[in-house]
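To start, the structure itself, in structure tokens.
There are 4 protein chains.
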Amino acid sequence: MVILLKKSYDKAQLDSLIAWLKSKNFECHLSEGTSKTILGLIGDTSTLDIDLLKAMDIVEDVKRIIEPYKNVNRRFHPDDTVIEVGGTKIGGGNLGLIAGPCSVESTEQIVEIAKKVKAAGANFLRGGAYKPRSSPYSFQGLRDKGIKMLLEAKKETGLPIVTEIMDISQLEHFEEIDVIQVGTRNMQNFELLKELGKIRKPIVLKRGMSATFEELLMSAEYISAGGNTQIILCERGIRTFEPATRNTLDISAVPLLKKLSHLPVIVDPSHATGKSSLVKSMSLAAAAAGADGIMIEVHNDPPNAWSDGQQSITPDEFKDTVDAVKKIWSFCYGVVNEKKD
Amino acid sequence: MVILLKKSYDKAQLDSLIAWLKSKNFECHLSEGTSKTILGLIGDTSTLDIDLLKAMDIVEDVKRIIEPYKNVNRRFHPDDTVIEVGGTKIGGGNLGLIAGPCSVESTEQIVEIAKKVKAAGANFLRGGAYKPRSSPYSFQGLRDKGIKMLLEAKKETGLPIVTEIMDISQLEHFEEIDVIQVGTRNMQNFELLKELGKIRKPIVLKRGMSATFEELLMSAEYISAGGNTQIILCERGIRTFEPATRNTLDISAVPLLKKLSHLPVIVDPSHATGKSSLVKSMSLAAAAAGADGIMIEVHNDPPNAWSDGQQSITPDEFKDTVDAVKKIWSFCYGVVNEKKD
Amino acid sequence: MVILLKKSYDKAQLDSLIAWLKSKNFECHLSEGTSKTILGLIGDTSTLDIDLLKAMDIVEDVKRIIEPYKNVNRRFHPDDTVIEVGGTKIGGGNLGLIAGPCSVESTEQIVEIAKKVKAAGANFLRGGAYKPRSSPYSFQGLRDKGIKMLLEAKKETGLPIVTEIMDISQLEHFEEIDVIQVGTRNMQNFELLKELGKIRKPIVLKRGMSATFEELLMSAEYISAGGNTQIILCERGIRTFEPATRNTLDISAVPLLKKLSHLPVIVDPSHATGKSSLVKSMSLAAAAAGADGIMIEVHNDPPNAWSDGQQSITPDEFKDTVDAVKKIWSFCYGVVNEKKD
Amino acid sequence: MVILLKKSYDKAQLDSLIAWLKSKNFECHLSEGTSKTILGLIGDTSTLDIDLLKAMDIVEDVKRIIEPYKNVNRRFHPDDTVIEVGGTKIGGGNLGLIAGPCSVESTEQIVEIAKKVKAAGANFLRGGAYKPRSSPYSFQGLRDKGIKMLLEAKKETGLPIVTEIMDISQLEHFEEIDVIQVGTRNMQNFELLKELGKIRKPIVLKRGMSATFEELLMSAEYISAGGNTQIILCERGIRTFEPATRNTLDISAVPLLKKLSHLPVIVDPSHATGKSSLVKSMSLAAAAAGADGIMIEVHNDPPNAWSDGQQSITPDEFKDTVDAVKKIWSFCYGVVNEKKD
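So, in structure tokens, the structure goes:
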């Protein structure tokens, strides 16, 4: 960490700052110049409040040199984290293929889709029971009833279940759920993250729609700080000025997050683009970029889906996509993940 | 609402769509052209799922013509909403001056600041008890103890209290709190919004850092749909590419939100800029734009604040700002709010 | 085009508007409802000034239904445009591999790099002679001397040359240049685009760093309106809030632009990310998404490059990337470009 | 400037880097820590190419501590620049009121508007002769004929003229023009900026629609590096995700740019919002924030304007706005500009 001092700083205040920093076990290096004076800090600055320093009378600016996250930082944990659920793995060379409808609509619907996506190659079933909708007048999901339908589909197909939680109070219904998803609007719902840190289930943490990589990793750090280290990061598109797609898929998130962190990184091309016609090409791009998995909305009857039909593909299109993804992925994964420097 | 049909649509499917829409009491107007065919809908489309329509086989695109929110729409409720708390009002020509520290640190601190901001002209005390922090290693607030300290400060000064809730489970501690704040990261925490719709206390709803005006108003609609119509909208800066300010204050939010909705609109220049040196000029700009109030971080000792000291001003600076704001506001409020067309 | 009229519009003004529109050969369809009245327009609205309509007294809003560009619109020209330069093709199933240094530094340097990238598989040489730099104190390029060095490299290797123009006045030096590049900062330099419409050379048109797809296509329309239809669109990253990459590569640009337009679409992963370590994975992603080519910065000695060394890769790394790109592309191109619907 | 070295850097390379930096008159301070080593640089780093350093083998990251611009930096030139044109001043406590139509349409039109805006209080006439339009099919301006009409209006009213240049080749027509405007799309047209640095006329430099403050100031530095120091900075809204306004007015630009630079800062509320109904409130906000002037589109007949009628106000509305702006400005200017720290 580097602290730029104000031009006319008070020497006594500087001495007091240095004494305080030394008491916290930081090494301090002072560089006095004609136009500016810099104080360099050596030590574990991840627990130091940068805003506090910036607010001091004698400080003009503070620049962090290393990342403020530790548990999820590849710098300190070079090996890939592998998530395992009942024999199925994601990360470290294992491809996760997560598919299913935006909303669970009935037991028949979810069982039918589960069978079809399994046949097409999916190794996880996703489906929304608790649904975040921007309008209070839109369908809000079947909630705990939907959870039961998902578990029915698991019984029928053996596929582990991924589904979204929206509030701590819903946690009691997630006991038999295999993987809990935190949606983009809850990436910084810190109370929820803390609760999820206390349990021992894998978490899919979706990137907030305007969250930086650092913020995403800090939210993962919240979960891991509680002791739950089974976290899957998910790029799902960010908010930009471009109106042609629902969000802008930030494909560079895949190699960058994998460089910064040891956690698996998956991509959700359905929400990233909002257009079913782009799901296949964006899935291939994700595989080529080295993603550890993809999460796709699949519906048996997209035009009549209860939500987000516009971005869902059919089971046949999903099979077509999976076949191509597997081919690209098996060629690219090693190729783009070979070096972690 | 206008539906653009695909070039080679199926006539039978169109008939079935029209029949379905008529069964929902919409009037349908078909315009067939050589290069495209349009179906116009007349009726209350706010409850119609636009994604559902877009997903249909014969539909190429759908454009909404009027807003999807009703309760909070000025079109249907032309008169300004006035929020009243124990005799103090915000909205409809009443200026809210909300001030206090980012974090409550001790009873002494909050009581001292409360007295000072009251003396300077504040009519509400704000202070953070539950603190959303991007790092799990940063100070997380005094939580329920902080709430008690705020109530102590209310007892001493008579100022009504505004403080932030982060999770439904904290609601029990807010019984004596006057105004509940929903922070930028929770603007789309829909489960929380639904709970806040059930109570009868004013809510300050902060704009999500990448939320559109429409999304903000839809979140307000969530609260009002539950029956709680006492909502204050708060512009607190949006996320952009510019790194020089923490966020970018979208000052046009003030006149635009007031045109679209009858709810009061306030501005938080402290979070919008992240720089104490900009708080005064941005407060004056907010007043000049016709805001119904401002919310400012004030700390007796900014350099030693436990959080966000960088953006806090001192009680003296606050008094200076309030004096100027009042002068500008009393001149501008009528001037810029004269027409609601 | 759909025109929403104001609630209490003047009947005489509406009649006059309809008469004016009919005189311009538009068909008009009026739908009068209880809460709103809509006027639908059928005809070629690409030449109609939408702002003019919006400004009229009786008009509340106007929505365009089809795109405002014609020449470059796939709706009217379904077949892929193929660009050919001295036997080398881009588009329609032909892969362009454009490589070379950010800046031309000397004849020796550019000839050496040209030979190396050719050996590695490049079919075009790129190199900057006129350099847009954000600081007036940074190296501004060798300018016309650099152009001559590029032509020397062409003579030695036979590779066609791609290089950037920054101002109309430089055009005289581009006579022997094969492909002229318009940089991101000049995408809306309309006077330059008009001049480039008058010549008969292929143009690489880079997307402005905050340009929408529609704006990019309108800029291409400027060139084609002058008669020059040999245009290659280039996605090079957009400006977002994320600081970890120089720009955010919008990979969805590839399939979307190819759906909207018949022009070839290439990707520049070097400028899109600003990091050499991401060039390979992003090149593979581009190939997987169906791009018609990639443009990569290659330098024989990146650490000592005169500009943008940070994002340049070595000739060996380029060879490695090209080998992988070709493999992915030959599998994916047909796969993702099979349908144009 | 602070250079973070890679973990396992080569000692010989470091020595060579230090020797090179010393040869360029930088003082170097090395801080070696257990987990990282930092090299601090003291000296004028504005001419040092940061990308070059970042590209070096042994360098992991480089952070600039002070700004890369000099001529336009208030740090080195504390006094306000005052622009004077024929007795009319902008900056340093002088308010510029620039008004006129988006496009010059005829001598009659521009003379009539000039008289009206002068009567309403304007001290500059603006009007577009060369028009940047996103569509090649939209009206492109009367060009040199429009310039002549503007000079006619100057003769009639005595108002100095502000009008936009789009290309170097047009410069010959600007001889009698008082102030040359560089539009948002040309803010980084560096060849044009260099030419404008050679002349001795005031330049209004509009912020690029996705340009940072630093980039805007670097573009001003381009002009001043050529010797032309008469530059007026103009905030005109930035591109964000919000669709309700054409751009987002970044009102914090006013105090921030004035803190970073000694140049006058004006605001264009017409382009910033794209809505005539917001012009007045945003003008008042600009005045309250301490702007040195405002630039407003005024048209005698907005619904029939040849371009941008939607954002133009009438002469009467302009008078109403000017009266209020003057009142706010005379109160606020000193208030918000009192300290330059």
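Protein chains in written order, with our numbering: chain A, 1 to 341; chain B, 1001 to 1341; chain C, 2001 to 2341; chain D, 3001 to 3341. A virtual CB, placed ideally from N, CA and C, is assigned to each residue, including glycine. The structure displayed is predicted, hence computed values, not measured ones.
Length of the line joining the Cα atoms of residue i and residue j
| i | j | result |
| --- | --- | --- |
| L3193/D | F2213/C | 27 Å |
| W2306/C | N2300/C | 12 Å |
| I1199/B | G1290/B | 29 Å |
| A3120/D | K3319/D | 5 Å |
| M3218/D | H3077/D | 16 Å |
| G3096/D | K3206/D | 15 Å |
| L3004/D | R2133/C | 24 Å |
| G3093/D | L1159/B | 40 Å |
| K259/A | I66/A | 14 Å |
| W3329/D | G1334/B | 17 Å |
| I3168/D | E3195/D | 7 Å |
| L1021/B | Q109/A | 25 Å |
| I3180/D | K3280/D | 25 Å |
| I2223/C | D79/A | 51 Å |
| L1278/B | V1322/B | 14 Å |
| A2286/C | D308/A | 27 Å |
| K1115/B | G1127/B | 13 Å |
| G1056/B | V2085/C | In the sequence under discussion, the amino acid at residue 1056/B is Met, which differs from the Gly named in the question. Roughly 44 Å separates the two Cα atoms. |
Presumed contact (8 Å Cβ cut-off) between residue i and residue j, rounded CB distance
| i | j | result |
| --- | --- | --- |
| E2221/C | N2071/C | 6 Å |
| S3252/D | L1284/B | With 8 Å as the limit, S3252/D and L1284/B do not qualify as a contact, their Cβ atoms being about 12 Å apart. |
| R3185/D | N2189/C | 7 Å |
| L1014/B | I1058/B | 6 Å |
| V2162/C | D2178/C | 7 Å |
| G2293/C | I2090/C | 5 Å |
Chain-order list of residues whose beta-carbon lies under 7 Å from that of residue i (same chain, five-residue window excluded)
| i | result |
| --- | --- |
| G3043/D | N3025, F3026 and E3027 |
| V1336/B | P1255, A1289 and G1290 |
| S1276/B | P1302, Q1310, Q1311, S1312 and I1313 |
| E112/A | N300 |
In DSSP terms, what residue i is bridged to
| i | result |
| --- | --- |
| D2061/C | L2004/C |
| E1172/B | Paired residue(s): none; E1172/B is not in a bridge. |
| C1234/B | K1206/B and I1266/B |
| Q181/A | E164/A and V204/A |
DSSP three-state assignment for residue i, whether helix, strand or coil
| i | result |
| --- | --- |
| G1040/B | strand |
| T248/A | strand |
| D1341/B | Note that D1341/B scores 41 on pLDDT, short of 50, meaning its location in the model is unreliable and no value can be drawn from it. |
| T3314/D | coil |
| C2332/C | helix |
| S2261/C | strand |
| N73/A | strand |
| G128/A | strand |
Close beta carbons around residue i, own chain, < 6 Å, minus the five adjacent residues each side
| i | result |
| --- | --- |
| H29/A | G40 |
| T37/A | L5 |
| T1240/B | T1248 |
| A2012/C | none |
| S3031/D | I3038 |
| I2147/C | A2129 and H2173 |
Contact set for residue i: own chain, Cβ-Cβ below 8 Å, skip 5 residues either direction
| i | result |
| --- | --- |
| D230/A | Checking the displayed sequence, the identity of residue 230/A turns out to be Gln instead of Asp. Result list for Q230/A: T81, I83, R200, K201, P202 and I203, in chain order. |
| T273/A | G237, T245, R246, N247, L249, V279, M282 and Q311 |
| G2197/C | Y2222, I2223, S2224, A2225, G2226, G2227 and N2228 |
| D1268/B | K1206, C1234, E1235, R1236, G1237, I1294, M1295 and I1296 |
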